[in-house]
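Each residue of the sequence shown is one higher than the one before, starting from 1 at the first, in the UniProt record's numbering. Below: the structure, in structure tokens.
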Amino acid sequence: MDIFRTTRGAVRGFRASADVVAVLGIPYAAPPFGGLRFREPAPAAAWTGVRDCTAFGAVAPQSAELPGSPMWSPGDEDILTVNVWTPAPDGGSLPVLVWIHGGAYTFGSSAQPDFDGDALARAGLVVVTLNYRLGFEGFGHIAASGGTSYPDNRGLLDQVAALRWVRENIAAFGGDPGNVTVAGQSSGAASVACLMVMDRARGLFHHAVVHSPASPHYTLDIAAATTREVAAAAGCPATPEGLAAAPPQALVAASDQVVEAYRRDPASGSRHYDPSLYAPVLDGDVLPADPLTGLAAGAGRDVDLLVCHTSEEYWLLDAVGSSAKVTTQEQLDRFAQDFGLPDGLVAGYRAARPEAPVLDVYLAVFGDLLFGEYAHRLAEQHTRGGGRAFLARFDRRRRGPHEAVRAWHCADVPFAFGNVGKDCVAFLIGGAPTTADHGLARRMVRAWADFAATGDPGWPPYDCVTGRAKVWRTDDEDEGPDGPVVLRALWERAGFPLLRP
């Protein structure tokens, strides 16, 4: 019987494969609703007997419908759960990798099939994935009023609580609480960067992996303005009492309504292009500084950092229709103005792609604006702050039946998890994996496993002078030098983090 004893009670998992046991949906904190809504995560209730943990827990409130993943339904409240895959059910002390999913801080869950931890566990890791509060529940700012106050960045606080659960319980699953790597992609990667500079997370992990970290973080003023918009759409006062009285589904629907209004209005500024309402709030308490500033000051110098981005990040967002279309020079100029991009930056991208349509220039600039340049700066600032960083770029492409398969946002994750054979990732990677794809996946899994074990993925640390990156391709030249994909000199006068309304 695959039974494990946690501090709150015994849990039963199942054999995910011949060598790995999976234990799913383990509560790491109490359901954050009722009297605990908008509060810091509270301890999970203890239980007697053996809890059956053979299915994923409920997902956080959201409206997204993701292939192969469960949907949230009003009434689903026990959302703060972790999942564990272990190759050492009879004991041991293996490196631990904790995964934080992305989704613009608004959607997604640990139940997505591409986050299955079986392959990484077979590579010698104990793998943990987690759910946390999203959208307004997790990242909406609620101004104190009448003696009532709620913390900002509740989603980050959930992640800290999950890491504390790992520290207290992972030895029972064969993991070493003294060798924990926290990893994530997109908003999950940006969450990891935040954790690196948060006092509450200090000492809970020892290595960090960030794939395609998303750059925006919001000031209190920006976050408060968003709350007023969402409250107005929900028909409730923007007060602690008014927001707490609005059911979660009302705030989800209101957030979607505000997003759609930005999408329809080209004159609405930077949010028109990709209206993400929520992001970590620079509150000076839970998040004392933006990650670039904190890392440059040495806040995470004791944590080894592995950063990866893809060559064509934003083409995915265009393909799935979440980004505004920019197809004329006039629209491109307005985009640059709305984001306050330095003079000459867009022209520099145009010069590098003289035959490309306007849409491709826009996607290249926007991808580096939100992901590529920010990834480089995280590695750079961490190095300058006394830490050790490693940089990689995912550049795997191939010809599809109708068009080229892009090295776009999210395409690297199935390779790093070793899950390229799952049906759900066919769209991301352009169809069934080839023999070369399986080889690339094995190398990326090995790099993650080695980094989690030792802090060294297998290539030299980042050098602020050369800025070279490890390049992941399916051919034999993935050890080669970084190509001129990110035109970094053009970004020298661009300020980060991006604090956009």
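Note that CB positions come from ideal geometry on N, CA and C, so glycine has one too. A quick note: this is a predicted structure, and the numbers were derived from the prediction, not measured.
Around the CB of W72, 16 or more other CB atoms lie within 10 Å, so the residue is classed as buried. Here F56 really is in contact with S110; their C-beta atoms are around 7 Å apart, less than 8 Å. Every alpha helix (DSSP H) stretch that sits fully inside the stretch 425-486 and reaches 4 residues is listed by chain position as 426-429, 435-454. Fewer than three beta-carbon pairs drawn from the stretch 170-179 and the stretch 28-36 are found closer than 8 Å, and the two stretches are therefore not classed as touching. If the five residues before and after A162 are omitted, its C-beta is found closer than 6 Å to the C-beta atoms of Y28, V82, L130, all from its own chain and listed in chain order.
Taking all protein chains in view, the Cβ of P61 is crowded by 16 or more other Cβ atoms within 10 Å, so the residue is classified as buried. Here P266 has H272 as same chain residues with Cβ atoms under 6 Å from its own Cβ, once five neighbours each way along the sequence are excluded. V258 and Y362 have their C-alpha atoms some 24 Å from each other. Proximity to D52 across R12, D76, W85 peaks at R12, based on C-alpha coordinates. Bounds of the alpha helix (DSSP H) holding R384 are 373-384. Going by DSSP, V126 is part of the beta strand (DSSP E) stretching over 126-130. A441 counts as buried, since at least 16 other C-beta atoms from the protein chains shown sit within 10 angstroms of its C-beta. In the same chain as A324, and ignoring 5 residues on each side of it, the C-beta atoms closer than 8 Å to its own belong to R263, P266, H272, Y273, D274, in chain order. DSSP places Q331 inside the alpha helix (DSSP H), whose first and last residues are 329-338. In this structure V98 touches V180 by the C-beta definition: roughly 6 Å separates them, less than 8 Å.
Secondary structure note for I222: it is in no beta strand (DSSP E), and the uninterrupted alpha helix (DSSP H) holding it is 220-234.
Take A245, set aside five residues on each side of it, and the residues of its chain with a beta-carbon closer than 8 Å to its own are C236, in chain order. Shown here for M198: same chain residues with a beta carbon closer than 8 Å to its own, the five before and five after excluded, namely L156, V160, V286, L287, P288 in chain order. For Q185, the three-state secondary structure derived from DSSP is strand. Secondary structure within the stretch 91-171: the alpha helix (DSSP H) runs of 4 or more consecutive residues, fully enclosed, are 118-122, 135-139, 154-169 (chain order). Per DSSP, reduced to three states, the secondary structure at T310 is strand.
Contact between the stretch 401-418 and the stretch 432-449 is established, with three or more Cβ pairs separated by less than 8 Å. Segment contact: the stretch 427-434 against the stretch 325-341, fewer than three CB-CB distances shorter than 8 Å; contact not assigned.
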